[in-house]
Amino acid sequence: MLDLGKTPHRRWNPLLREWVLVSPHRTERPWQGQVEKPAAEQRPKYDPHCYLCPGNSRAGGHRNPNYSGTFVFDNDYAALVPGAPTGNIRESSLIVAESERGICRVICFSPRHDLTISNMGIDGVTNVVGIWSEQYQELGAIEWVRYVQIFENRGEMMGASNPHPHCQVWANETIPNYPASEQSALLEFRKDHGKCMLCEYLRLEKAQSIRVICENNFFTVVVPFWAVWPFEVLVLANEHVTGMDQFSPDAQRALADILKCITSRYDNVFEVSFPYSMGFHQSPTDGEEHSEWHFHAHFYPPLLRSATVRKFMVGYEMLATPQRDITPESAAERLRSAPETPLD
Ligand code: H2U
Ligand code: ZN
Numbered sequence: 079m080l081d082l083g084k085t086p087h088r089r090w091n092p093l094l095r096e097w098v099l100v101s102p103h104r105t106e107r108p109w110q111g112q113v114e115k116p117a118a119e120q121r122p123k124y125d126p127h128c129y130l131c132p133g134n135s136r137a138g139g140h141r142n143p144n145y146s147g148t149f150v151f152d153n154d155y156a157a158l159v160p161g162a163p164t165g166n167i168r169e170s171s172l173i174v175a176e177s178e179r180g181i182c183r184v185i186c187f188s189p190r191h192d193l194t195i196s197n198m199g200i201d202g203v204t205n206v207v208g209i210w211s212e213q214y215q216e217l218g219a220i221e222w223v224r225y226v227q228i229f230e231n232r233g234e235m236m237g238a239s240n241p242h243p244h245c246q247v248w249a250n251e252t253i254p255n256y257p258a259s260e261q262s263a264l265l266e267f268r269k270d271h272g273k274c275m276l277c278e279y280l281r282l283e284k285a286q287s288i289r290v291i292c293e294n295n296f297f298t299v300v301v302p303f304w305a306v307w308p309f310e311v312l313v314l315a316n317e318h319v320t321g322m323d324q325f326s327p328d329a330q331r332a333l334a335d336i337l338k339c340i341t342s343r344y345d346n347v348f349e350v351s352f353p354y355s356m357g358f359h360q361s362p363t364d365g366e367e368h369s370e371w372h373f374h375a376h377f378y379p380p381l382l383r384s385a386t387v388r389k390f391m392v393g394y395e396m397l398a399t400p401q402r403d404i405t406p407e408s409a410a411e412r413l414r415s416a417p418e419t420p421l422d
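Numbers in the numbering used here are just positions in the sequence shown, counted from 1, shifted up by 78.
If you want it as structure tokens, here you go:
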């Protein structure tokens, strides 16, 4: 008999429509073994060398204003630019390229160099949610922008270039791969079952509750059944809302609250400022009706069993199928038992 906590098995990711291999017998109890704690990171409130702190200069001769809340600017090293020449190459069906326009921005969450979402005040994070919603709508309203991806890389391990609390926004001419895959899965599920996949998934998770971490009136955090990263979570809107443009002020505050809760739990799991990549998935802005979309956020953190042991997607995972050892259920238990208050 298949025992999810003991038997090697594979699980189905219905959003990306692919399998993940789970080998629970390899480490049945993720919190066994030594937890190494690196020296506490002491950061100043203001860093004269930080290119995101108020009043400092950035690349290309720009100087940040003395901002007091959030601060948005066009990325000085933008991966995509709005004025890129258009064209395509189709030498055969095998050598294919298309030009891609885009707009890349950086959003500073706070003038304070030393804060993170977990230890910023709820009002500050609510302001950030307001800016995300504004950027989603402003960039989405541009005629050729079909998708707005808001994402945060937190921690050097995730390739963040700077510890100052910030995120990026990329607005693209085309819908990127993962949102596009999710969109076709959501559409197909609705066609086959007559309901939203994520509304249904949330109902199942709430009924079982073993993978639910925390919730408020508007959002629920679960370790998805099909999680690949050790402490991966999915933040789901409780109601079927397609995007941030539909959030009431209460929902914006609730998103800030739930983000603070999950990031604080993360920090408390290994007593470090937890690295992760996080991003929102919501309706494209291509002018089509997209009632199939259910707003959600993914958190993909690389830490495995201590602050210094990280998971890499290598070997079998690069060549065959993603794999995990600790089960999503034990990760959920670990996150549930971590305090929801900031680490400091
Ligand atoms: P990340 O930490 O997620 O890499 O985001 C920081 C972004 O800031 C990065 O995309 C940009 C980088 O291009 N940046 C500027 O726009 N101006 C600068 O002076 C330095 C970095
Ligand atoms: Zn700074």
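Glycine residues also receive a C-beta, built at the ideal position from the N, C-alpha and C atoms.
If you run the structure through DSSP and keep just helix, strand and coil, what is residue i?
i, result
"I209", "helix"
"I340", "helix"
"M391", "coil"
"T451", "A question about residue 451 goes unanswered here, because the residues of the chain that appear run from 79 up to 422."
"R190", "coil"
"G202", "helix"
"H434", "This structure leaves residue 434 out entirely; the chain is present only between 79 and 422."
"G161", "coil"
"P255", "Residue identity differs from the one stated: residue 255 is Asn in this sequence, not Pro. Three-state DSSP puts N255 in a helix."
"Y354", "strand"
"L282", "helix"
"S171", "coil"
"A219", "coil"
"E266", "helix"
"R179", "coil"
Nearest by alpha-carbon distance to residue i: which of the options is it?
i, options, result
"L276", "W97, E370 and Q120", "E370"
"V223", "G365, A285 and S326", "G365"
"I220", "V207, T194, T252 and G202", "T252"
"T419", "I336, P362, R402 and A375", "I336"
"F149", "W97, A162, V174 and G202", "G202"
"A375", "S171, V98, Q227 and R168", "Q227"
"L94", "A315, S259 and P102", "S259"
"F303", "E169, V290 and M235", "V290"
"A332", "E293, A285 and H87", "E293"
"K84", "N91, P92, W90 and L99", "L99"
"P380", "C245, E310 and D270", "E310"
"E411", "S342, R402, I288 and P308", "I288"
"I404", "W97, D125 and V301", "V301"
"K338", "K273, V207, H372 and P241", "V207"
"R179", "A137, A157 and N316", "A157"
"Y256", "M79, L172, L82 and E96", "E96"
"P254", "Q246, H242, H359 and F373", "H359"
"E367", "M396, A409, V319 and P400", "V319"
"W90", "T399, P417, S408 and L421", "T399"
"Y155", "W248, G272, A175 and E216", "W248"
State buried or exposed for residue i, treating a residue as buried only when at least 16 other CB atoms are found within 10 Å of its CB.
i, result
"T204", "buried"
"Y214", "buried"
"H127", "exposed"
"P406", "buried"
"N250", "buried"
"V299", "buried"
"F390", "exposed"
"G199", "exposed"
"G161", "exposed"
"D152", "exposed"
"M322", "buried"
"I167", "exposed"
"R402", "buried"
Step through the CB atoms of chain B and report whether any lies within less than 7 angstroms of the CB of residue i.
i, result
"V150", "This model lacks chain B altogether; it includes just one protein chain."
Self-check item: Complete beta strand (DSSP E) runs within the region 121-146 (minimum length 3 residues, chain order)
Solution: none
Exercise. Could you tell me whether the region 383-401 touches the region 277-295, using the rule of 3 or more Cβ pairs below 8 angstroms?
Key: no
Exercise. Could you name each continuous alpha helix (DSSP H) segment of 4 residues or more that falls completely within the region 286-352, going from the start of the chain to the end?
Key: 327-348
Quiz item: Three or more C-beta pairs closer than 8 angstroms, one from the region 179-192 and one from the region 258-267: is that the case here?
Solution: By the Cβ criterion, the region 179-192 is not in contact with the region 258-267, since fewer than three pairs of Cβ atoms, one from each stretch, lie closer than 8 angstroms.
Quiz item: Per the contact definition of three or more C-beta pairs closer than 8 angstroms, is the region 235-242 in contact with the region 346-362?
Solution: The region 346-362 vs the region 235-242: in contact.
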